[in-house]
Amino acid sequence: MAAPILSYENLGLVQGSGWLFRGLDIHVGARDRLALIGRNGAGKTTLLKLIAGAIDCDEGRRTIVPGTKVILLEQDPSVAGHATLRDFVMAGDGAPLAHEADAIADQLGIDLNREAASASGGERRRAAIVRALAQGPDVLLLDEPTNHLDIAAIEWLENWLARYNGAFIAISHDRTFLTRLTRQTLWLDRGAIRRAEIGFGGFEAWTEQVYAEEARNAERLDAKLKIEEHWLLRGVTGRRRRNQGRLSKLKEMRAERAAMLGPQGAA
Numbered sequence: 002m003a004a005p006i007l008s009y010e011n012l013g014l015v016q017g018s019g020w021l022f023r024g025l026d027i028h029v030g031a032r033d034r035l036a037l038i039g040r041n042g043a044g045k046t047t048l049l050k051l052i053a054g055a056i057d058c059d060e061g062r063r064t065i066v067p068g069t070k071v072i073l074l075e076q077d078p079s080v081a082g083h084a085t086l087r088d089f090v091m092a093g094d095g096a097p098l099a100h101e102a103d104a105i106a107d108q109l110g111i112d113l114n115r116e117a118a119s120a121s122g123g124e125r126r127r128a129a130i131v132r133a134l135a136q137g138p139d140v141l142l143l144d145e146p147t148n149h150l151d152i153a154a155i156e157w158l159e160n161w162l163a164r165y166n167g168a169f170i171a172i173s174h175d176r177t178f179l180t181r182l183t184r185q186t187l188w189l190d191r192g193a194i195r196r197a198e199i200g201f202g203g204f205e206a207w208t209e210q211v212y213a214e215e216a217r218n219a220e221r222l223d224a225k226l227k228i229e230e231h232w233l234l235r236g237v238t239g240r241r242r243r244n245q246g247r248l249s250k251l252k253e254m255r256a257e258r259a260a261m262l263g264p265q266g267a268a
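Mapping of the sequence shown onto my numbering: position 207 corresponds to residue 208, and the numbering continues sequentially without gaps.
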């Protein structure tokens, strides 16, 4: 991959009484088109918020090229406190230029003068897209971007992203959207993250390879455990230093085997 414009090293976040994830390394290149995949509850939305800087991590270092603008399109944007959708679009630091927002709104078919409180889910989604795209992001973080959009709006967004010169990371249940647009995949799985230089269209074949390799590793480890546990059953004491080391290794092997939880679904 090209030199990253945004990186996290050793990223970790505590949730509740334990780590949601820990030791993650994430690198985003200037033209990456990344699908972020993982089962429900794996922490995909939380990870996007961490990458955006919207929440703080408990461990890790963030490195970003100076001047890089990272924009998050949230799954459920709130327009509370705004009289109109235009007020929502233009609010806060880094608000877009009015003419840029109007141009995108016209193409998406959204009236920004619409009263925010009575706007539908689709109208709020369109307004959030206007707000995100009109800011000129270098890295765009998309959390379920096609929710509440009709086919015409989805096609418009796909065409815009196909021409987009920056990077994006997308979470979506819209498999067609991900297949058409992504070139790389981040897989959040069992608290760890993997990256492949393939789009979502190759995700299932890739995961089959990963799980097959894990199964082979598990078989090799099971064979070693069988030998070591046979040795233990022979009544070896833990007094001798060599035996203590072997017992410690056996405990490590058991822990490693217990951590092999098996395949988990993507969402």
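Here a beta-carbon is modelled for each residue, glycine too, at the ideal position from N, C-alpha and C.
Note that the structure is a prediction, hence the values are computed from the model and not measured.
In chain order, which continuous runs of the alpha helix (DSSP H) of length 4 or greater are located wholly inside the stretch 40-90? 45-53
Check whether the stretch 69-84 touches the stretch 127-138, taking contact to mean three or more Cβ pairs, one atom from each stretch, closer than 8 Å. yes
Check whether residue 170 and residue 25 have beta carbons under 7 Å apart: no
Just tell me which of 106, 76 and 172 has its CA closest to the CA of residue 35. 172
With a CB to CB cut of under 6 Å and the five nearest residues on each side skipped, what residues in its chain are close to residue 64? 8
Nearest-angstrom beta carbon gap, residue 125 and residue 148 [assumed within contact, 8 Å]: Actually they are not in contact, since the Cβ atoms of residue 148 and residue 125 sit about 10 Å apart, beyond 8 Å.
Sequence-distant residues of the same chain with beta carbon closer than 8 Å to residue 120, five excluded per side: 80, 86 and 128
In the DSSP assignment, find the alpha helix (DSSP H) that holds residue 169 and state where it starts and stops. Careful: residue 169 lies outside any alpha helix (DSSP H), inside the beta strand (DSSP E) at 168-172.
In the structure shown, what three-state DSSP assignment does residue 9 receive? strand
Where DSSP assigns a beta bridge to residue 105, which residues make up the other side? In DSSP, residue 105 forms no bridge with anything.
From this set, 39, 15 and 17, which residue's C-alpha is nearest residue 191's C-alpha? 39
Cα separation between residue 49 and residue 110? 28 Å
Through-space distance from residue 180 to residue 201, alpha-carbon basis: 5 Å
Rounded to whole angstroms, what is the Cα-Cα separation between residue 91 and residue 99? 8 Å
So is residue 97 buried or exposed if we call it buried at 16+ other beta carbons inside 10 Å? buried
In angstroms with no decimal places, state the Cα-to-Cα distance between residue 47 and residue 17. 13 Å
Chain B beta carbons: is any one of them nearer than 7 Å to that of residue 112? The structure shown contains no chain B; it is built from a single protein chain.
Quick test of your reading: residue 211 and residue 6, contact by CB under 8 Å. State the CB separation rounded to the nearest angstrom. Contact doesn't hold; Cβ gap of about 27 Å is too wide.
DSSP state of residue 93 mapped onto helix, strand, coil: coil
Should residue 164 go down as buried or exposed, given a rule of 16 or more other Cβ atoms within 10 Å for buried? exposed
Our contact map puts residue 58 next to residue 12 with C-beta atoms below 8 Å; I'd like the distance itself, whole angstroms only. 5 Å
Quick check: what's the CA-CA separation for residue 216 versus residue 206? 15 Å
Measuring only the C-alpha atoms, how far is residue 76 from residue 158? 15 Å
So, are the CB atoms of residue 106 and residue 89 less than 7 Å apart? no
Continuous alpha helix (DSSP H) stretch holding residue 125: start and end: 122-135
Take residue 44 and list the residues in its own chain whose beta-carbon comes closer than 7 Å to its own, dropping the five residues that flank it on each side. 21, 22 and 189
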